[in-house]
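Our numbering puts the sequence shown at residues 65 to 729.
Glycine residues also receive a C-beta, built at the ideal position from the N, C-alpha and C atoms.
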Amino acid sequence: MTAKPAFHRILEPLQLRHKTLRNRINFGAHTANMAEDGLPGSRHLGYYRERARGGAAMIVVEPMPVHQTARLTRGNFRHDDDAVIPGFRAITEACKAEGAVMVHQLYHVGQHGDFDNSYSANWSPSGLPSYHDGDGSHRMREAEIEEIIESFVRAAVRAKACGFDGVELFGPYNSLIEQFWLPWSNRRDDRWGGSFENRMRFSTEITSRIRAAAGDEFIIGLASSIDTSVDVGMGTELLQEIAAYHDTRALIDYITCGTGSYFDHSSVMPTFLFADKLGAPHAQALKEVCKHIRVQAESHIRTPENANEVISSRQADMVSIVRGQIADPYWVKKVAGGRDTEVRGCISCNQMCWGRRSRDYWISCLVNPSAGREFEWGGDTFIPARTPKRVLVVGGGPAGLEAARVAAERGHSVTLAEAASQLGGQFRLAGMQPRRSQILELIDWYEQQLTRLGVRVLLNAPLDAAEIAGHDVDEIVIATGSQPAGTGFQRGLPGQDRLPGVDLPNVWSVEDVMTRTARLGDHVLLIDDTGDWRGLGTALEIAARGHSVTVVTAWPVLGRYLQRTESDGVARARLKTAGGGWITDAVVKEWHGDGATVRCHLDGTETVIRADTLVLATTNVSDTWVLDDLAEQVPALMPKIIGDALAPRLAVAAIYEGRVLGQSI
């Protein structure tokens with residue numbers, strides 16, 4: 065008798081109208097932003113087909129704007145245009161052939177539009193301001209409401225022509241549908257507002273007309289979210305009432321529930337600062353009132369354990385795993401094959417998914433650089449090398465780990481030499497910051513993969529040029545990383561290469577803090593020159609150890625480059641709660657040993673801040689001594705250089721370069 069997989073509940077099939085989902089894990093809607101000239105193309109096809117191959121039961125393709133006023137991103141599809149049909153046909157047919165049910169999300173964000181992309185006024189029920197920017201919106205006339213309803217219907221009929229099995233209506237995050245539902249955003253006194261029934265009329269008309277136009281065997285889903293950060297947001301009781309209303313009238317086949325809204329955008333795509341299974345309790349609340357429609361949970365349900373618990377405890381009928389299947393497109397297939405420990409976990413960093421989308425690029429993934437490049441790279445699989453080689457990788461940080469893994473996957477014989485007693489390099493130190501242990505889980509995954517692939521790992525093995533040259537190998541990869549610059553250089557003082565006082569004994573680097581080498585005093589002053597987790601994450605760690613910490617940054621906001629990941633506000637709140645403080649638009653002009661002269665960028669005033677310790681969160685410099693020695697001693701050697709050894713950057717660059725190099729050997 066064959067033993068059941070460890071998480072068998074998520075592998076059970078589920079009936080959804082006329083379709084049977086092969087399991088309970090779906091790849092939910094999100095803006096991949098990959099369209100070219102408004103059309104789905106090869107990048108989209110490779111991206112979605114890879115998740116279908118990986119076992120996703122249902123794929124909800126990224127939102128289609130239903131109207132010119134709905135267009136929100138550069139990579140949106142053309143609305144109301146049959147030119148999209150061939151491209152979508154290719155996607156739906158390819159994904160269906162792999163066993164996935166295909167649904168297309170239809171959206172309009174109402175008052176929260178973006179003129180820069182739509183070149184249209186934002187249309188809304190009551191003409192309230194946008195939370196996307198500083199614009200106001202246009203209060204729709206009744207004829208315009210009818211125009212939008214019909215645009216949803218036309219989009220649904222076109223989705224059917226594209227081969228989709230159904231559509232999902234975008235109702236969460238205070239989008240247009242929710243704007244009609246909520247008393248706060250629907251202040252109309254006609255038949256579209258006022259009473260509960262009137263506020264339901266907009267979604268009722270959309271769903272009823274789609275059913276009449278698309279037929280009985282067409283799935284209609286509805287996305288929703290809960291936001292308790294403000295009193296006027298969508299609360300649990302109101303959403304239960306809305307769900308029950310649609311359930312009783314058989315208007316929809318499923319409802320999916322997430323978290324957050326334009327009022328609290330940080331919890332729409334929760335980073336590691338949030339708890340796991342954030343959306344599960346909200347899905348459970350909907351399941352309590354829905355007798356017919358299926359309920360899907362989403363929002364930070366990352367792992368097989370998370371998903372299996374949600375299904376087993378009957379909190380939901382199915383689970384949407386988006387970032388998890390971006391990070392590992394074969395998430396479901398691995399779980400089904402009893403290889404759940406091989407799932408490459410999402411680290412909830414948002415750097416390349418929402419981080420790229422927030423800058424209007426197509427999305428990718430820090431831990432899986434093949435995301436968005438499947439059509440070029442053949443997905444997250446590897447072509448065996450024609451001629452197996454002996455490869456030496458020097459350095460066990462993220463660049464070296466990925467290069468070694470990929471080279472070994474392709475059949476090369478790989479030796480990885482790491483100078484420290486553990487793998488991970490700077491990445492491991494980042495994983496030691498508060499709530500960032502998902503990084504350590506990823507390093508554990510790398511170690512498991514290297515063992516599986518037979519990579520020879522040498523720890524406590526710093527190699528000099530002669531030792532490297534002495535290895536009988538065909539390829540040498542230098543991934544030695546970077547080291548603290550130690551100069552105290554700040555971008556806000558470009559003419560000052562070295563901070564006066566930086567050589568005093570109570571000055572430490574971020575690396576010193578995270579390795580506990582630093583001897584911190586009661587009050588720590590931290591220079592944040594990078595605007596990312598080096599500064600803010602280390603400040604949180606210092607505060608967690610019981611020290612008083614004040615951050616000085618030249619940026620206008622603490623965590624400047626974390627804004628793109630929607631994690632800066634939550635991190636600042638945690639630092640504030642821990643007693644930390646910060647000074648923006650300022651630089652440290654000089655360190656005195658017992659304090660610093662801080663200059664304000666805005667008016668040039670200078671203030672002395674008393675402190676016991678100075679910590680430098682500044683940009684590192686490449687560790688190139690071994691390269692320099694190789695060039696001098698063995699000039700014939702031509703090693704490959706990747707990661708911080710090439711140029712100090714974030715882990716995403718290191719993993720990307722490791723992947724590209726591993727594929728090229």
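Between residue 553 and the set 491, 655, 474, the nearest pair of CA atoms involves 655. Under the three-state reduction of DSSP, residue 351 is assigned to helix.
Here the alpha carbon of residue 485 sits roughly 5 Å from the alpha carbon of residue 524.
From the listed residues 480, 507, 493, the smallest Cα separation to residue 521 is found for 480. Per the DSSP secondary-structure output, residue 237 pairs in a beta bridge with 325. Excluding five sequence positions before and after residue 659, the CB atoms of its chain that fall closer than 6 Å to its own CB belong to 672, 673, 674, 675, given in chain order.
Across the structure, residue 723 and residue 462 are spaced so that their CA atoms are roughly 10 Å apart. Going by beta carbons, residue 313 and residue 351 fall outside the 8 Å limit.
As a beta-bridge residue in DSSP terms, residue 80 pairs with 83.
Positions of the beta strand (DSSP E) runs, each at least 3 residues long and wholly inside the region 553-591, are given as 571-573 in order along the chain. Residue 127: member of the beta strand (DSSP E) spanning 122-129, first to last residue.
Bounds of the beta strand (DSSP E) holding residue 650 are 650-655. Per DSSP, residue 606 is one residue of the alpha helix (DSSP H) stretching across 597-608.
Across the structure, residue 282 and residue 228 are spaced so that their CA atoms are roughly 9 Å apart. Within the DSSP secondary-structure output, residue 171 pairs in a beta bridge with 129. Annotated three-state conformation of residue 382 is strand, per DSSP. Put simply, of 402, 156, 258 the residue whose alpha carbon is nearest the alpha carbon of residue 71 is 402.
Residue pairing by DSSP puts residue 704 in a beta bridge opposite 541. Per DSSP, reduced to three states, the secondary structure at residue 112 is helical.
Of all alpha-carbon atoms in 197, 233, 193, the one lying nearest the alpha-carbon of residue 212 is that of 233. Spatial neighbours of residue 239 in its own chain (CB-CB distance under 8 Å, excluding positions within 5 residues in sequence) are listed in chain order as 171, 172, 173, 174, 176. Boundaries of the beta strand (DSSP E) harbouring residue 670: 670-674, taken from the DSSP string.
The beta carbon of residue 454 lies closer than 6 Å to those of 477, 537, 538 in the same chain, with the five residues before and after it left out. Listed as beta-bridge partners of residue 166 by DSSP are 123. Straight-line measurement puts the Cα of residue 621 at about 41 Å from the Cα of residue 264. Distance from the Cα of residue 532 is smallest, within the candidate group 197, 185, 703, for 703. Residue pairing by DSSP puts residue 477 in a beta bridge opposite 454. In this chain, the alpha helix (DSSP H) harbouring residue 690 covers 689-697.
Residue pairing from DSSP places residue 677 in a beta bridge opposite 588.
Inter-residue distance for residue 363 and residue 324 is about 9 Å (C-alpha atoms, whole angstroms).
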